[in-house]
Amino acid sequence: MSAALREDAHPKEEIVWQGHGGPVHGRANGMDIIACRACGFRHAVPLPDPAALEAEYAEAYYRDAKPTYLADAGADQGWAQLVQDDRLDAIARALGRGPGTLIEFGSGPGFFLDAATAKGWTAIGIEPSRQAAAFAQGRGLTVYNRTLADAAAHGLPEADAVAATNVLEHLADPIGALRIACDLLKSGGVLCLTVPNDFSPLQIAARDGRGHAPWWIAPPHHLNYFDFDSLEALLVRLGLRPVERLTSFPMEAFLLMGDDYVADAALGRACHAKRMNFDLAFEAAGIGEVRRRLYGALAAAGLGREATVVAVKP
Ligand SMILES: [Zn+2]
């Protein structure tokens, strides 16, 4: 068990469910979040039926849970491309050769695919949501409206890189998905995964230091709760070699300073605008490397809102 899974010192009830088991670290919407000893990361139990989950993400998710997401997507692309380019540059460093074929699963509106294409990659998206796939296809991108397992079964090219951003936390079987992703990679290929950095020290400070409810616990949409250590440990178990961590602005810092953006959507947008200003100021000054070093140091300490891990297939 990783250090991150041990850190939470509160006494815990134990739950065992279908081969999964561990102490309860949270509870919401009728589901328990356990630090699963079998999986090595925190996840919800009972896990939903995979077919029902697949149907949810095929149609209902963007319709019901994210009705304005696609229309709004791209509004912040001037800032988002910094993040996308950082990931693509980290992939290139790990790969050690020029761009080839990149597959992104859960490609959503497709802006990472755009950034990859601009850097010379042949970029292919896999997106189970009908609406999101159509949105990206409508912008001229190569996107298959399938699940990862379905797309792999129908034949995909061997990939130099596979990426997924904010996908693993939604899956009933993230380990199975990562096995498929590894199989798609050539030897020496690179996997780049981004997940919310959950149960982070800043979240624990907000919960236990300021009495804030654990807002990041959000089943059934978020079933899995990774941090850097648990994600890296899983990749090692799958035979990969983690080589770099990246992260984004530690949004929880706003909350610790008194701006409760969780309870106030307008404040949330204001905090997001502030972090974009923060990031873009370094670029405007021509010293973007300072921001990358700062976030690299945060990631090394297990901090930052997102956990991105870049790993190489031997
Ligand atoms: Zn488990």
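Each number in this note's numbering comes from the position in the sequence shown (counting from 1) with 680 added on.
The beta carbon of each residue, even a glycine, is placed where N, CA and C say it ideally should be.
Under the DSSP definition of a beta bridge, which residues are partnered with Val641? Any question about residue 641 goes unanswered here, given that the chain covers just 681 to 994.
Along the beta strand (DSSP E) that carries Gly702, what are the first and last residues, could you check? By 1-based counting over the sequence shown, the position of residue 702 is 22. It spans 700–708 - the beta strand (DSSP E) in which Gly702 sits, taken as one unbroken run.
For ligand 1, is there a heavy atom less than 7 Å away from the beta-carbon of Ala852? Here residue 852 refers to the residue found at position 172 when the sequence shown is read from its first residue. No, since every heavy atom of ligand 1 falls outside the 7 Å radius drawn around the Cβ of Ala852.
First through last residue of the alpha helix (DSSP H) which encompasses Val916: Residue mapping note: residue 916 aligns to position 236 of the sequence shown, counting from 1. Val916 -> alpha helix (DSSP H) spans 908–917.
Quick one: using the 10 Å Cβ neighbour count with 16 as the cut-off for buried, is Asp752 buried or exposed? Taking the sequence shown and counting its residues from 1, the one referred to as residue 752 is at position 72. It is exposed - the Cβ of Asp752 has fewer than 16 other Cβ atoms within 10 Å.
Going along the chain, which residues of its own chain have a beta-carbon closer than 7 Å to the beta-carbon of Ser809, five neighbours each way excluded? Counted from its first residue, the sequence shown places residue 809 at position 129. The answer, listed in chain order, is Tyr737, Ala738, Tyr741, Tyr742.
Going by DSSP, name the residue or residues bridged to Thr874. As a first step, residue 874 must be located in the sequence shown, where it is residue number 194. Bridge partners of Thr874: Thr845, Thr988.
Can you give me the C-alpha to C-alpha distance between Gly891 and Met711, rounded to a whole angstrom? Position 211 of the sequence shown holds residue 891. Position 31 of the sequence shown holds residue 711. C-alpha separation (whole angstroms): 21 Å.
May I ask you to check if the CB of His723 is nearer than 7 Å to at least one heavy atom of ligand 1? Locating residue 723 in the sequence shown gives position 43, counting from the first residue. Yes, Cβ of His723 sits closer than 7 Å to a heavy atom of ligand 1.
How would you write the range of the alpha helix (DSSP H) that Glu969 sits in, first residue to last? Counted from its first residue, the sequence shown places residue 969 at position 289. 968–980 is the extent of the alpha helix (DSSP H) around Glu969.
Within 5 Å of ligand 1: residues by beta-carbon to any heavy atom: His700, Cys716, Ala718, Cys719
Selected residue, minimal CA-CA separation from Ala977, among Asn709, Arg925, Asp939, Arg859: Indexing the sequence shown from 1 puts residue 977 at position 297. Nearest C-alpha to Ala977: Arg925.
Quick check on DSSP: helix, strand or coil for Leu782? Start at 1 with the first residue of the sequence shown, and residue 782 comes out as number 102. In this structure, Leu782 counts as strand in the three-state DSSP scheme.
CB-CB under 8 Å to Met681, same chain, minus the five flanking residues each way: which ones, in chain order? Taking the first residue of the sequence shown as position 1, residue 681 is located at position 1. The predicted position of Met681 is uncertain, since its pLDDT is 45 and thus under 50; a value taken from the coordinates is nonetheless stated next. Hits under 8 Å: Ala715, Arg717, Gly720.
Is Ile892 helix, strand or coil when you go by DSSP? As a working note, residue 892 is residue 212 in the sequence shown. The sequence given here places His at residue 892; Ile does not occur at that position. Coil.
As a quick exercise: from Thr874, Gly919, Ala913, pick the residue whose alpha carbon is nearest that of Gly868. If you number the sequence shown from 1, residue 868 lands on position 188. Nearest C-alpha to Gly868: Gly919.
According to the neighbour-count rule (16 or more other Cβ atoms, all chains shown, within 10 Å of its Cβ), is Lys692 buried or exposed? Position 12 of the sequence shown, counted from the first residue, corresponds to residue 692. When all chains shown are included, Lys692 counts as exposed.
Glu963 classed as buried or exposed, judged by whether at least 16 other C-beta atoms fall within 10 angstroms: The count along the sequence shown starts at 1 and reaches residue 963 at position 283. It counts as exposed.
Assumed close pair Asp959, Trp759 - CB separation to whole angstroms, cut-off 8 Å: Along the sequence shown, one-based indexing puts residue 959 at 279. Along the sequence shown, one-based indexing puts residue 759 at 79. Their Cβ separation, rounded to whole angstroms, is 6 Å, which keeps Asp959 and Trp759 in contact under 8 Å.
Beta-carbon proximity list for Gln698, same chain, < 7 Å, skipping 5 on both sides: To locate residue 698, count along the sequence shown from 1; it is residue 18. No residues qualify anywhere along the chain.
Under DSSP, the beta strand (DSSP E) around Glu924 begins and ends at which residues? Taking the first residue of the sequence shown as 1, we reach residue 924 at position 244. Looking at the DSSP string, the run of the beta strand (DSSP E) that includes Glu924 is 921–926.
Taking the runs of the alpha helix (DSSP H) that are 4 residues or longer, which of them lie wholly in the region 717–760? 730–735, 749–752
Under the assumption that Leu828 contacts Ile860 (Cβ atoms under 8 Å), give the Cβ distance between them as a whole number of angstroms. Looking up residue 828 in the sequence shown gives position 148. Looking up residue 860 in the sequence shown gives position 180. Contact flag correct, Cβ pair sits at about 5 Å.
Who are Asn904's beta bridge partners in DSSP? Residue numbering aside, residue 904 sits at position 224 when the sequence shown is read from its first letter. Note: Asn904 sits in a beta bridge opposite His723.
Closest to Tyr905 by C-alpha separation, out of His705, Thr822, Ala991, would be which residue? Residue numbering aside, residue 905 sits at position 225 when the sequence shown is read from its first letter. Considering only alpha carbons, the answer is His705.
Closer than 8 Å is the cut-off here; do at least three beta carbon pairs connect the region 780–796 with the region 818–832? yes
So what does DSSP say about Ala715, is it helix, strand or coil? By 1-based counting over the sequence shown, the position of residue 715 is 35. Strand at Ala715.
Using only the alpha-carbon positions, how far apart do Leu1021 and Ala852 sit? Residue 1021 is absent from the structure shown; the chain starts at 681 and stops at 994.
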